[in-house]
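*Asks:* Take a look at this one; I'll ask things after.
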Amino acid sequence: MSSQFRLAVDAMGGDLGPRSVVPACSRFLIRYPRAELKLFGPRSELQSLLIKEPPSVRERLEVVDCVQVITQGCNPVQALRHKRESSMAKALQSVSTGESGAMVTSGNTGALLALGRSILGTVEGVKRPALGKSLPTADGSCFLLDLGANIDCSAEDLLQFARMGVEAQRVFSGKEALSVALLNIGAEEHKGTEEIRRAGQLLQADPAINYVGFVEGHDIFTGVVDVVVCNGLMGNVAMKSAEGVIRLIGQKSFTIDNKAPIKRFFGQLAINLLRKWRSQLEPGRYNGASFLGLEGNVIKSHGGASSEAFYRAMLTAKECADSDLAHLVGRAMAYQAQRQSGCN
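The numbering used here applies: residue 14 is where the sequence shown begins, and numbers increase by one.
Written out as structure tokens, the structure reads:
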């Protein structure tokens with residue numbers, strides 16, 4: 014990592030606020046000795062937490078005092094009109110001016126989208142930025158978008174999401190040839206809404222996309238496809254349902270039948286395997302979704318993220334900044350827009 018690398022962090026978003034963010038920042042700086050962080054929030058509150066951190070961490074962490082905070086109840090219009098001096102807005106401005114290579118927040122998604130579009134702007138050819146992230150599959154990963162930024166999507170929106178998702182998954186997976194599918198209630202061509210079926214036709218007609226058809230929710234995690242596209246409602250429900258199942262497994266207590274030694278042996282073996290599997294798929298390990306289509310790298314963490322989960326979102330931000338994902342998406346979308354304009 015270059016010594017010039019800086020990451021902007023909104024310390025005030027999410028349920029836990031600085032209590033989860035500050036330890037995550039410390040851990041990030043210890044892991045990457047040449048990194049620097051800009052931490053946005055009320056100075057007095059942040060410094061009272063930072064006093065416990067080692068000097069090697071504090072000297073590479075700049076606190077930017079922000080009196081305004083965007084709460085989860087703040088709507089996008091309020092954020093645009095009255096919260097331009099908030100920790101979220103100032104972190105976005107740090108990316109806009111080039112002071113930071115990316116920003117991370119656990120804050121309000123709607124406010125983040127509205128402020129991101131206003132402060133950073135959208136790349137050429139993008140009507141709606143989309144929220145997406147790479148999820149673990151049986152033998153790799155699958156990039157799912159949109160995860161909640163856009164509830165109602167046209168067929169053209171879904172086509173744009175597919176193009177952006179391909180660029181993002183190339184960065185996260187390291188693969189060049191990627192397959193794309195639409196999330197639907199069945200794999201048959203006649204199923205789904207009119208917009209989803211029309212989106213399938215648009216994807217099929219795009220020579221730059223390897224479109225393989227419709228998939229269902231369970232296909233996201235089997236590894237049969239590299240990018241899954243859907244509207245924000247379907248994507249958010251699919252992701253949170255999967256996380257809920259994993260957490261349920263984590264909360265269940267496994268008991269060993271002590272009737273016979275052989276049953277105790279296989280019972281303990283099953284418990285060990287389940288615990289290992291659960292730790293590998295713990296949702297916090299994959300925290301951090303990218304806002305694709307903005308003119309800058311913006312990472313959205315879960316609102317209830319623990320310190321471990323927020324740290325993982327920071328790692329995602331580093332990966333996006335190192336690869337300059339926002340620029341890659343912008344270049345690809347501009348090319349598509351120019352190609353379409355030439356065809357017309």
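Virtual Cβ for every residue (Gly too), placed ideally from N, Cα, C.
#1: Classify residue 88 as buried or exposed, calling it buried when 16 or more other Cβ atoms lie within 10 Å of its own Cβ.
#2: Taking only runs of the alpha helix (DSSP H) that begin and end inside the segment 130-214, which ones reach a length of at least 4 residues, in chain order?
#3: If we call anything under 8 Å between Cβ atoms a contact, is residue 59 one with residue 31?
#4: Determine whether the beta carbon atoms of residue 168 and residue 208 lie at a separation below 8 Å.
#5: Which residues share a DSSP beta bridge with residue 21?
#6: Can you tell me whether DSSP reads residue 63 as helix, strand or coil?
#7: Does DSSP put residue 335 in a helix, a strand or coil?
#8: Name the two residues that bound the continuous beta strand (DSSP E) containing residue 305.
#9: Quick one: using the 10 Å Cβ neighbour count with 16 as the cut-off for buried, is residue 90 buried or exposed?
#10: Counting C-beta neighbours from all protein chains within 10 Å, is the total for residue 257 16 or more, i.e. buried, or is it exposed?
#11: Could you check where the beta strand (DSSP E) with residue 313 kicks off and where it finishes?
#12: On a Cα-Cα basis, can you pick out the residue from 322, 338, 300 and 349 that is closest to residue 310?
#13: Using 8 Å for Cβ pairs, my map puts residue 27 next to residue 99. What's the rounded Cβ distance?
#14: Within its chain, find whatever has a CB closer than 8 Å to the CB of residue 14; leave out the 5 residues flanking it on each side and keep chain order.
#15: What three-state label does DSSP hand residue 321 in the structure shown?
#16: Quick check: the Cα distance between residue 196 and residue 130, rounded to an integer number of angstroms?
#17: What is the DSSP secondary structure of residue 28, reduced to helix, strand or coil?
#18: DSSP puts residue 76 in a beta bridge; with which residues?
#19: In chain order, what residues of the same chain lie with their CB nearer than 7 Å to the CB of residue 102, ignoring the 5 residues before and after it?
#20: For residue 304, I'd like the list of residues in its chain whose CB is within less than 8 Å of its CB, leaving aside the five on either flank, ordered along the chain.
#21: Cα separation between residue 164 and residue 243?
#22: Whose C-alpha, out of 191, 235, 111 and 37, is nearest the C-alpha of residue 152?
#23: Under the three-state reduction of DSSP, which class applies to residue 45: helix, strand or coil?
#24: Buried or exposed: which applies to residue 67, given that a residue is buried once 16 or more other Cβ atoms fall within 10 Å of its Cβ?
#25: The alpha helix (DSSP H) spanning residue 108 covers which residue range?
#26: Using the three-state DSSP reduction, which class does residue 249 fall into: helix, strand or coil?
#27: Assign residue 35 to one of three DSSP states: helix, strand, or coil.
#28: Using the DSSP secondary-structure output, state which residues sit across from residue 399 in a beta bridge.
#29: Of the choices 176, 93, 188 and 113, whose alpha-carbon is the least far from that of residue 220?
#30: Distance, Cα to Cα, residue 122 vs residue 83?
#31: Classify residue 315 as buried or exposed, calling it buried when 16 or more other Cβ atoms lie within 10 Å of its own Cβ.
#32: From the DSSP output, which residues share a beta bridge with residue 234?
#33: What three-state label does DSSP hand residue 217 in the structure shown?
#34: Between which two residues does the beta strand (DSSP E) harbouring residue 242 extend?
*Replies:* Considering the structure as presented:
#1: exposed
#2: 168-186
#3: yes
#4: yes
#5: 51 and 116
#6: helix
#7: helix
#8: 302-305
#9: exposed
#10: exposed
#11: 311-313
#12: 338
#13: About 14 Å separates the two Cβ atoms, so there is no contact after all.
#14: Reliability of the predicted coordinates at residue 14 is poor, the pLDDT of 37 falling under 50, and the value obtained from them is presented with this limitation in mind. Within the same chain, residue 14 has close Cβ partners 45, 47, 48, 331 and 335.
#15: helix
#16: 26 Å
#17: coil
#18: 52
#19: 96, 128 and 132
#20: 125, 126, 129, 142, 143, 144, 162, 311, 312 and 313
#21: 10 Å
#22: 235
#23: coil
#24: exposed
#25: 100-109
#26: helix
#27: helix
#28: This structure cannot speak to residue 399, because the chain is shown only from 14 to 357.
#29: 176
#30: 10 Å
#31: buried
#32: DSSP lists no partner for residue 234.
#33: helix
#34: 240-242
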